[in-house]
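Notes follow once the structure below has been shown.
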Amino acid sequence: MKIAAIIAGLALLVPAAGKRADMDGVWILLGTNIEKPQLTPEGEKKRAAYDYQKDDPDFQCKPASVTRVMHTPSPPIEVRQHGDYVEVNYEFMDVRRRVPLKKGLAAKDAPYAAKKYPHLGKSVGQYDGETLVIETEGQKAGILDTLGSPGLYQSDQMRTVEKFIPDGNRMQVTVTHYDPVYFTQPFTVTYNYVKLPGGKIEKWDCKPEEATFERFAK
Amino acid sequence: MYRKIAAAAMIAGGLLFVSASALAHHSVAANFDGSKAMDVTGKVKEVSIRNPHSQITLEVPSPQGGTKEFYVEWSDKNALMRRSVPVNKIKVGDQVTINVSPSKRLPNLGYFRTATLPDGTVIRDCGFAAFRQGIANGKSGCEENAK
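From first to last, the protein sequence lines stand for chains A and B. Taking the numbering used here, the leading residue of the first sequence gets 1017, the next gets one more, and so forth. Taking the numbering used here, the leading residue of the second sequence gets 3, the next gets one more, and so forth.
This is the structure:
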C-alpha cells in the first residue's frame, strides 16, 4: 500500500512521455534576431510593391503568419504540453494552436493547427532531445511579415520548422522558412523569451476600426 | 468661391492622406520620435484602454480659437494591466497635462510618456522594455508604476 503510494507520488514528479517540464508556461519576448532575407526576384518585386495600408492584415485584425504573431513584443505566448499534443497559444490576435505529437505523421496530412485561422497551416510536432520541433505546411499564400521585416511574402509552397529550445526560465524559438517561390535560401527568425511567473494569456479582442492609424486622420 | 473651397478641401484632404500614408507600419519606433518630449494640456474627452493600442483623446485650445482634438497613443490594454499602470485615474472631463513623444508625421498625435492629473499625481509607465528587463532580472516588472 505504502509502496503504491510512493510510486504514485513519484509519477507526479515525472513529466509525461516526451514532455519537457520547463517548457510549459507563459513566455514574454526578450528580443528578436531576424536574418537578412535572401529573396527571389518575385520576392523582391512583392516587397517593393508592399503597401501597408492595403496589405497589412493586422489592420483587419488577422494574424498574418505564425512568425508575425510573435513579433509584437508585449503580448506573451504560452506552451502547454499534453500526452499526444502540444498547445501553443499567442495572446496577439487570439491565436490558439493545437499541434499533434505524432511520429511519422506528415505536416501536410495533419489537421489545421489553429481552427479559427486555417491559413496558418497544418502542423505536427515531435521532440528532438529537449527541443520541441514543429513542422508546418499548407499555409495560405499571402503576407509573411509586417513588423519585424515588413513586406515579406509567403507562397502556399512554404514549409516552416519551428524549434522550441528551453533553458530554465529562458526559451529560444527559431522559425525557419523554406519557400522556393519568394526565398532563395531558408530564412530564419529567432525569438528569445523569458518565463513570466504567474503569467496568463489574456483576450486580445482586436477590432479593425481601432487597429489602424487612419483613425487619427479625421 | 465654391471651387476655391473645394480645391482647398481637396488639398487639405490630400495632405492628410499623404501624412497617414507615409506611416510605414504601426510600430511605435517607426511612428514616434522617442528622443523628443512635449507637454500637451487639455480636457480629457475619451479614454480608451484597448488592444492593439490604447488611445486618450484630449480637447486642447486651438490657435484659431475654440478647441481641437489631440490623440495620445499608448500601449495595448493587456500590457498596461501587466505593468500595473493605474489607468483608471485618468478621468473624462479632467484637465490634465500629458507628456508625449511627438508623432513623426501627424501634428495632433503623440505617444504617452507621463500624465499629470489635476491633484498633481503623476501617472508613469515604465514601458515594455523596462518591464521585460525587470522580469528577466527576477523582479515583478515595473513596481514604480503602481505607486
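Every residue, glycine too, gets a C-beta built ideally from N, C-alpha and C.
**Prompt:** Taking the alpha-carbon positions, what's the Ser21(B) to Lys106(B) distance?
**Reply:** Position 19 of the second sequence, counted from the start, is the residue given in the question as residue 21(B). Position 104 of the second sequence, counted from the start, is the residue given in the question as residue 106(B). Reliability fails at Ser21(B), whose pLDDT of 33 lies under 50, so the model's placement of it is uncertain and no value is given.
**Prompt:** With DSSP run on the structure shown, which of helix, strand or coil describes Gly1059(A)?
**Reply:** Stepping through the first sequence from its first residue, residue 1059(A) is reached at position 43. DSSP places Gly1059(A) in helix when its eight states are reduced to three.
**Message:** Between the alpha carbons of Ala1037(A) and Glu1094(A), how many angstroms are there, rounded?
**Reply:** Against the first sequence, residue 1037(A) aligns to sequence position 21. Against the first sequence, residue 1094(A) aligns to sequence position 78. Rounded to whole angstroms, Ala1037(A) to Glu1094(A) spans 13 Å at the Cα level.
**Request:** Just confirm the distance between the C-beta atoms of Val1042(A) and Gly1167(A), as a whole number of angstroms; I'd bet it's less than 8 Å.
**Result:** Translated into the one-based positions of the first sequence, residue 1042(A) becomes position 26. Translated into the one-based positions of the first sequence, residue 1167(A) becomes position 151. Actually they do not touch by this definition, with Cβ atoms about 31 Å apart.
**Asked** Taking the alpha-carbon positions, what's the Trp1220(A) to Glu1060(A) distance?
**Response** As a position in the first sequence, residue 1220(A) is number 204, starting the count at 1. As a position in the first sequence, residue 1060(A) is number 44, starting the count at 1. For Trp1220(A) and Glu1060(A), the distance between alpha carbons rounds to 33 Å.
**Asked** Taking all protein chains shown into account, do 16 or more other C-beta atoms lie within 10 angstroms of the C-beta of Gly1137(A), making it buried, or fewer, making it exposed?
**Response** On the first sequence, residue 1137(A) is found 121 positions in, with the first residue counted as 1. Result: buried.
**Prompt:** Taking all protein chains shown into account, do 16 or more other C-beta atoms lie within 10 angstroms of the C-beta of Ser103(B), making it buried, or fewer, making it exposed?
**Reply:** In the second sequence, residue 103(B) corresponds to position 101, counting from 1. The residue is buried, with at least 16 neighbouring Cβ atoms inside 10 Å.
**Request:** Using three-state DSSP, classify Tyr1068(A) as helix, strand or coil.
**Result:** The sequence position of residue 1068(A) within the first sequence is 52, counting from 1. Reduced to three states, the DSSP call for Tyr1068(A) is helix.
**Request:** Could you pull out every residue in the same chain whose Cβ sits closer than 7 Å to the Cβ of Glu1218(A), ignoring the five residues on either side in sequence?
**Result:** The residue you call residue 1218(A) lines up with position 202 of the first sequence. Closer than 7 Å at the Cβ level, and outside the excluded window around Glu1218(A), lie Glu1107.
**Request:** Quickly, what does DSSP pair Tyr1194(A) with across the bridge? List them, please.
**Result:** Counted from its first residue, the first sequence places residue 1194(A) at position 178. For Tyr1194(A), which the question treats as bridged, DSSP gives the partners Arg1175(A).
**Request:** Determine, using beta carbons only, whether Ser1090(A) and Phe34(B) come nearer to each other than 8 Å.
**Result:** As a working mapping, residue 1090(A) is identified with position 74 in the first sequence. As a working mapping, residue 34(B) is identified with position 32 in the second sequence. No, Cβ-Cβ distance for Ser1090(A) and Phe34(B) is not below 8 Å.
**Item:** Closer than 7 Å at the beta carbon, the chain A residues around Ile137(B)
**Value:** Translated into positions along the second sequence, residue 137(B) becomes position 135. Here the neighbours are Ile1044, Val1210, Leu1212.
**Cβ pair count under 8 Å reaching 3, the stretch 1189-1201 of chain A against the stretch 1113-1128 of chain A** = no
**Message:** For a quick check, are the C-beta atoms of Leu1148(A) and Val1177(A) less than 8 Å apart?
**Reply:** The residue given as residue 1148(A) occupies position 132 in the first sequence. The residue given as residue 1177(A) occupies position 161 in the first sequence. Cβ distance not < 8 Å, so Leu1148(A) and Val1177(A) don't count as in contact.
**Asked** Is it right to say Val94(B) is buried, meaning 16 or more other beta carbons lie within 10 angstroms of its own, or is it exposed?
**Response** The count along the second sequence starts at 1 and reaches residue 94(B) at position 92. Its Cβ having fewer than 16 others within 10 Å, Val94(B) is exposed.
**Request:** Kindly provide the ranges of any alpha helix (DSSP H) runs that are 4 or more residues long and lie completely inside the stretch 75-141 of chain B, ordered along the chain.
**Result:** You should have 79-84, 129-138.
**Prompt:** For the stretch 1064-1093 of chain A, which residues have a beta carbon sitting closer than 7 Å to at least one beta carbon of chain B?
**Reply:** Tyr1068, Gln1069, Asp1072, Asp1074, Pro1089, Ser1090, Pro1091
**Message:** For a cutoff of 8 Å on Cβ pairs, would you count Leu1168(A) as touching chain B?
**Reply:** Taking the first sequence and counting its residues from 1, the one referred to as residue 1168(A) is at position 152. No, no contact with chain B.
**Message:** Counting C-beta neighbours from all protein chains within 10 Å, is the total for Pro1224(A) 16 or more, i.e. buried, or is it exposed?
**Reply:** Here residue 1224(A) is taken as the residue at index 208 of the first sequence, counted from 1. Under this definition Pro1224(A) is an exposed residue.
**Prompt:** How long is the line joining the alpha carbons of Val42(B) and Val98(B), rounded to whole angstroms?
**Reply:** In the second sequence, counting from the first residue as 1, residue 42(B) sits at position 40. In the second sequence, counting from the first residue as 1, residue 98(B) sits at position 96. The alpha-carbon atoms of Val42(B) and Val98(B) are separated by roughly 8 Å.
**Buried or exposed by the 16-neighbour rule on C-beta atoms within 10 Å, applied to His1098(A)** = Position 82 of the first sequence, counted from the start, is the residue given in the question as residue 1098(A). By the beta-carbon neighbour count (other beta carbons within 10 angstroms, threshold 16), His1098(A) is exposed.
**Message:** At a CB distance below 7 Å, what residues from the stretch 1150-1178 of chain A approach chain B? Give them in sequence order.
**Reply:** Thr1162, Leu1163, Pro1166
**Beta-carbon gap between Gly44(B) and Glu61(B) smaller than 8 Å** = Locating residue 44(B) in the second sequence gives position 42, where the first residue counts as 1. Locating residue 61(B) in the second sequence gives position 59, where the first residue counts as 1. Cβ distance < 8 Å, so Gly44(B) and Glu61(B) count as in contact.
**Asked** Does the beta-carbon of Lys79(B) have 16 or more other beta-carbons within 10 angstroms, so that it is buried, or is it exposed?
**Response** For the purposes of this step, residue 79(B) is taken as residue 77 along the second sequence, with counting starting at 1. Buried: at least 16 other Cβ atoms inside 10 Å.
**Request:** Output, in chain order, the set of chain A residues within a Cβ distance shorter than 9 Å of Ala39(B).
**Result:** Here residue 39(B) is taken as the residue at index 37 of the second sequence, counted from 1. Within 9 Å Cβ-Cβ: nothing; Ala39(B) doesn't reach chain A, min ~19 Å.
**Request:** Check whether the Cβ of Thr1147(A) lies closer than 8 Å to any Cβ atom in chain B.
**Result:** Looking up residue 1147(A) in the first sequence gives position 131. Chain B contact via Cβ: absent.
**Item:** Residue-level contact to chain B via CB, Glu1225(A), 8 Å cutoff
**Value:** Along the first sequence, one-based indexing puts residue 1225(A) at 209. So, not an interface residue.
**Message:** Please identify the residue among Glu48(B), Lys91(B), Tyr113(B) whose C-alpha is closest to the C-alpha of Asp121(B).
**Reply:** Reading the second sequence from its first residue, position 119 is the one you call residue 121(B). Nearest of Glu48(B), Lys91(B), Tyr113(B) to Asp121(B), Cα basis: Lys91(B).
**Asked** In the DSSP assignment, what are the bridge partners of Phe1075(A)?
**Response** Start at 1 with the first residue of the first sequence, and residue 1075(A) comes out as number 59. Per DSSP, none; premise fails for Phe1075(A).
**Length of the line joining the Cα atoms of Thr1162(A) and Asp1183(A)** = Along the first sequence, read from residue 1 onward, the residue named residue 1162(A) stands at position 146. Along the first sequence, read from residue 1 onward, the residue named residue 1183(A) stands at position 167. So the alpha carbons of these two residues sit roughly 29 Å apart.
**Item:** Cβ-Cβ distance between Lys70(B) and Asn110(B) below 8 Å
**Value:** If you number the second sequence from 1, residue 70(B) lands on position 68. If you number the second sequence from 1, residue 110(B) lands on position 108. Taking 8 Å as the Cβ cut-off, Lys70(B) and Asn110(B) qualify as a contacting pair.
**Item:** Residues of the stretch 42-54 of chain B with Cβ closer than 8 Å to any Cβ of chain A, in chain order
**Value:** Against chain A - using a Cβ distance shorter than 8 Å - the residues of the stretch 42-54 of chain B are Ser50, Arg52, Asn53, Pro54.
**beta strand (DSSP E) segment containing Met1039(A), residue limits** = For this step, residue 1039(A) is matched to residue 23 along the first sequence. Premise fails: Met1039(A) is in no beta strand (DSSP E) and is neither H nor E.
**Prompt:** With a cut-off of 8 Å, does the C-beta of Phe114(B) fall near any C-beta of chain A?
**Reply:** On the second sequence, position 112 is the one that residue 114(B) refers to. Chain A contact via Cβ: absent.
**Message:** On the DSSP letters alone, give me the boundaries of the beta strand (DSSP E) that Asn1105(A) sits inside.
**Reply:** Here residue 1105(A) refers to the residue found at position 89 of the first sequence. Taken as a continuous stretch (DSSP letters only), the beta strand (DSSP E) holding Asn1105(A) covers 1101-1106.
**Asked** Straight-line CA distance for Val74(B) to Gly143(B)?
**Response** Here the question's residue 74(B) lines up with position 72 in the second sequence. Here the question's residue 143(B) lines up with position 141 in the second sequence. When rounded, the distance between both Cα atoms is 24 Å.
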